[in-house]
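**Q** Mind having a look at this structure? Questions to follow.
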Amino acid sequence: MIFSAIFVSRKQRGFSFFELTIAVIVVAILSGLLLLRIRNFQVEAEHAAVKMIVSNIRSAIEITAMQAKLSSSSEDLTLLTEENPFNLLKVKPANYVGELYSPSAEEIGKGNWCFDRADKSLIYLLNHENAFKNSPMKMLRFKVELRRLPQNPAKPPGAPEFYGVAFEQVSD
């Protein structure tokens with residue numbers, strides 16, 4: 001047999017080590033950017049989910065308050081400030097862990113809601129601390145509060161007092 005040397009041109013050899021290194025670096029940078037964008041989407045999704053649940057609770061409270069005003073019963077509004085606002089919703093969110101008495105962060109778990117029976121407030125433990133840029137806390141607290149309009153001295157005698165309720169974020 002005759003062995004002859006096979007000469008391969010430079011174009012036929014494939015990737016050089018330098019080209020392979022550059023390709024790996026580019027893929028790593030693009031992967032890192034993708035992971036950052038995915039994290040941003042997770043933070044935005046958490047923010048939107050919390051806003052949606054708060055909006056649903058506010059709507060349910062307003063409907064209940066209007067029903068109480070129509071039946072001219074101010075006791076219902078006072079009771080509304082004492083009860084769990086999640087009981088007003090037809091369907092509770094999947095990340096609602098229930099009613100707890102002075103819960104710790106470990107009892108609630110990241111990304112979950114609970115009702116604190118001690119101070120009658122809803123608590124949400126943030127899954128991503130930077131989901132709410134204006135809140136340095138990792139626990140958000142919301143409370144139903146009874147609002148009374150100031151007394152008007154010119155009000156005719158026997159006129160009903162005006163009550164309202166608000167579902168607002170409170171600080172610790």
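End of the sequence shown sits at 172 in full-length UniProt numbering; the numbers just go up one at a time, nothing left out. Glycine included, each C-beta is placed from N, C-alpha and C at the ideal position. In this text, all values refer to a predicted model and were calculated from it rather than measured experimentally.
1. Please report the residue range of the alpha helix (DSSP H) in which VAL24 lies.
2. Just to confirm, are ASN112 and GLU46 a CB contact at a threshold of 8 Å?
3. For LEU79, which three-state DSSP category applies?
4. Helix, strand or coil, according to DSSP, for LEU125 in the structure here?
5. Would you kindly work out how many angstroms separate the C-alpha atoms of SER102 and SER72, rounded to a whole number?
6. For the pair the stretch 53-69 and the stretch 20-39, tell me if three or more CB-CB distances fall below 8 Å.
7. Can you tell me whether ALA105 is helix, strand or coil according to DSSP?
8. Going by DSSP, what residue range makes up the beta strand (DSSP E) through ASP116?
9. Alpha carbon to alpha carbon, how far is GLN67 from ASN56?
**A** Concretely, from the data shown:
1. Locating residue 24 in the sequence shown gives position 24, counting from the first residue. That run of the alpha helix (DSSP H) goes 17-70.
2. Translated into positions along the sequence shown, residue 112 becomes position 112. Translated into positions along the sequence shown, residue 46 becomes position 46. In this structure, ASN112 keeps its C-beta atom at 8 Å or more from the C-beta atom of GLU46.
3. For this step, residue 79 is matched to residue 79 along the sequence shown. Correct three-state label for LEU79: helix.
4. Here the question's residue 125 lines up with position 125 in the sequence shown. Under the three-state reduction of DSSP, LEU125 is assigned to strand.
5. Walking along the sequence shown from the start, residue 102 turns up at place 102. Walking along the sequence shown from the start, residue 72 turns up at place 72. For SER102 and SER72, the distance between alpha carbons rounds to 34 Å.
6. no
7. Along the sequence shown, one-based indexing puts residue 105 at 105. Helix at ALA105.
8. On the sequence shown, residue 116 is found 116 positions in, with the first residue counted as 1. From DSSP, the beta strand (DSSP E) with ASP116 extends over 113-116.
9. What you label residue 67 is simply residue 67 of the sequence shown in a count that begins at 1. What you label residue 56 is simply residue 56 of the sequence shown in a count that begins at 1. C-alpha separation (whole angstroms): 17 Å.
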